[in-house]
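Residue numbers (this note's numbering), protein chains in the order written: chain B, -13 to 372; chain Z, 161 to 393.
Cβ coordinates follow ideal geometry from the N, Cα and C atoms, glycine included.
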Amino acid sequence: MKFLDLIWANLKRKKLRTGLTLLSIAVAFVLFGFLSATKQALVGGVSLSGANRLVVRHKVSLIQLLPASYKERMERLPGVSAATHQTWFGGRFQREPKAFFMQCPVEPEGFLDMHPEMILAPEQKKAWLQTRTGAIVGRMTAERFHWKIGDKVPIFTPIWRKADDSQNWEFDLVGIYDGKEKNTDTMSLFFRYDYFDEARRGGKGQVGWYTIRVKDPAQAAEIAKQVDSEFENSDAETKAEPEAAFIQGWAKQIGNIALITASILGAVFFTILLVTGNTMSQAVRERTGELGVLKAIGFTNRQVLSLVMAESCVLALIGGALGLGIACVLVPAVGKVLSNMLPMFFFPVRDLLIGAAICFLLGLATGIFPALAAMRLRVADALRRM
Amino acid sequence: MNAEVNHALVNVDGVEKVFHRGSEDIHVLKDLHLKVAAGEFLALMGPSGSGKSTLLNLIGGLDRPTRGSVSISGERVDQLSEHRLAAWRARHIGFVFQLYNLLPVLTAERNVELPLLLTHLSRAQRKKHVETALVVVGLTHRAKHYPRTLSGGEQQRVGIARGIVTDPTLLLCDEPTGDLDRKSGDEILDLLQALNREHKKTIIMVTHDPHASARASRTVYLDKGQLSDQPVK
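If you want it as structure tokens, here you go:
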């Protein structure tokens, strides 16, 4: 602590240069915050996926439907404890047709049992089971459209026609669910499959995809193979995969998000490494004589090395803290604006901690070479350069 | 040489220093012997390039002889490891430089405090030592000033305060008045003389200036790498 004054005084030596370096570090960490939030928004569902859940879809594509009768056959397979299904409804809220959110017909009990991360009040669950036209919706969408329990929700879908050829469907809102985790999806609307199947004109007895729960997550890959071989050579062959892979597959329609963000951040931090490294090297070169004085009055080589390293770390930590702090303020604000499109746009605590670790590593990496140069200075030579 | 030299604080014995410049060997000091008694104020004179600063660096443990030995208070300085040598310098040597060599980013009192950062003294104790050193050099009123706002003479006083703040065994001054006008130079010499006489500091001062060397209790002359008691003709 007693050297802190000295470290701080050295950082203040060239205020403009230090300020610009701090600014460039801060900007890099703001970008880090935004890219982390973007990655979270696009692939965040992967981390939420259950390790014990498999998703089974049509082998050709997700658009192709599967028979509803597969459910019982799947549940009979050894190692499978439950199966439930969903179907893509592809609708729009009539009053705000541009606002996207997912809707799916499901079997209420089996679906809620399969997804314990969705929290629904018992009385609302009961109401759903008692109301054929009932639907539940996530808190985020309910707040977005100012829906409350008891409302009638009109949804238009270009995919599914009712028996009377209408594409307008109406549901009774009986429940609003919350997420157990911060990044649980609370945007979707779920309604009853029995009502949907009875009311639709075509595609009866067909579903979009299945979610099955396996008894032993370690056996998931083996069970996926069993499911696929069960329906091999049928009219609707299946492709079973872990839920994480399924969600990743969705996200990969945009691109390899993790690779893209890692590449951008890699380029940014490499540049920052050069900028800060150059600042530190210049700072040390400029005061060779002063370092010689410190050594002359008794500072050891190791102490001189530590001083330069500490200076570099303080620079990186201040810049990083500034950037991460700004990101912590700005990301939620931007997330609010983007909540319709990217509901899970937030800066995860895990990434914040990674950011803090990167700050420290940046300090070490940028300080090490100037610090070694300072450590190796011969006192008599350094004093001649004063 | 006076009798006290027999119990020398500084003992430079048969020292040679050779610098290598390309394929050329430059013999700066040749079989040099010097003893300095405790409490002595020694002036070391000689023309430019005669090796005065090199000798001062060897005594201060900033450099090592090519041959021979340097002992301070009986301790072979030339045989200490880099790490131990640094600790030894912190404990035993105070340096005063021609160009003051103050850290421009620190105030006068912070500059004086620097050597104390290497001790186990508390902040309050360090503050007290710094005040004492600034009183000795008569600069308490300028304690909060940065070097750029001080005159050359005042900066050198700060340099001296930094040199004595740890109460070192030996004060080594490399042309302390070389960058000062006559009046400021005289004030610095008065101060060094007072440190020697009143505080019993052992001082070795390198100088070009006969006026400065006249203040010392003894003067030795260095020329072509060898010492003599008489000025070089």
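The beta-carbon of R317/Z is placed no less than 8 Å from the nearest beta-carbon of chain B. Taking G254/Z as the centre and dropping the five residues before and after it, the same chain places the C-beta of G323, I324, P328, L331 closer than 6 Å to its C-beta, in chain order. Distance check between G206/Z and each of R302/Z, H368/Z, A372/Z places H368/Z closest, using alpha-carbon atoms only. Around the beta-carbon of H301/Z, fewer than 16 other beta-carbon atoms lie within 10 Å, marking it exposed. Beta-bridge partners of D164/B (DSSP): I105/B.
When beta bridges are read from the DSSP output, I246/B appears opposite no residue.
Residues of the segment 269 to 285 of chain B that bring their beta carbon within less than 9 Å of a beta carbon in chain Z comprise R273, G275, E276, G278, V279, L280, K281, A282, I283, G284, F285, in sequence order. Counting only runs of 3+ residues, the beta strand (DSSP E) found wholly inside the segment 338 to 386 of chain Z occupies 362 to 367, 378 to 383, in chain order. Residue contact check for R308/Z against chain B: no CB pair falls below 8 Å. Rounded to the nearest angstrom, the gap between the Cα atoms of Q50/B and D214/B is 16 Å. Counting only runs of 4+ residues, the alpha helix (DSSP H) found wholly inside the segment 198 to 261 of chain Z occupies 212 to 219, 242 to 252, in chain order. In summary, the residues of the segment 234 to 246 of chain Z whose CB is separated from some CB of chain B by less than 8 Å are E242, H243, A246, in the order they occur in the chain. For R199/B, the enclosing beta strand (DSSP E) covers residues 195 to 200. Excluding five sequence positions before and after R236/Z, the CB atoms of its chain that fall closer than 8 Å to its own CB belong to S229, V230, given in chain order. Take the alpha-carbon of S183/Z and the one of Q315/Z: they are about 41 Å apart.
Residue environment: V200/B is assigned as buried (16 or more neighbouring CB atoms within 10 Å of its CB, all protein chains considered).
The Cβ-Cβ distance between A14/B and V254/B falls below 8 Å.
Taken atom to atom, the span from the alpha-carbon of G309/B to that of T24/B is near 17 Å. Collapsing the DSSP output to three states places Q289/B in a helix. Chain-ordered, the chain Z residues with CB closer than 7 Å to the CB of A(-5)/B read V265, L266. Taken through DSSP and simplified to helix, strand or coil, S298/B comes out as helix. A straight line joining the alpha-carbon of L358/B with that of R273/B spans about 14 Å.
Rounded to the nearest angstrom, the Cβ distance from H187/Z to E200/Z is 28 Å, too far for a contact under 8 Å. Judged by DSSP in its simplified three-state form, E184/Z adopts strand.
Taking CB atoms only, F179/Z has no neighbour in chain B less than 8 Å away. Judged by DSSP in its simplified three-state form, P228/B adopts strand. Listed in chain order, the positions of the segment -12 to 17 of chain B with a beta carbon within less than 8 Å of a beta carbon of chain Z are K(-12), F(-11), D(-9), L(-8), A(-5), N(-4), K(-2), R(-1).
For S67/B, the enclosing beta strand (DSSP E) stretches over residues 66 to 72. Between A376/Z and L202/Z, the C-beta spacing is below 8 Å.
Per DSSP, reduced to three states, the secondary structure at H305/Z is coil, with no helix or strand assignment. Counting along the chain, A54/B sits inside no alpha helix (DSSP H), nor does DSSP assign it H or E at all.
Proximity of the segment 170 to 183 of chain B to the segment 3 to 20 of chain B falls short of the contact definition, fewer than three beta-carbon pairs being nearer than 8 Å. When the Cα atoms are used, H44/B and E218/B turn out to be separated by approximately 11 Å. Among the residues of chain B, those whose CB is under 8 Å from the CB of P275/Z are I283, G284, following chain order. The residue among F333/B, A296/B, E297/B with its C-alpha nearest the C-alpha of I312/B is F333/B.
Residues of the segment 284 to 310 of chain B with a Cβ closer than 8 Å to any Cβ of chain Z, in chain order: G284, F285, T286, N287, R288, Q289.
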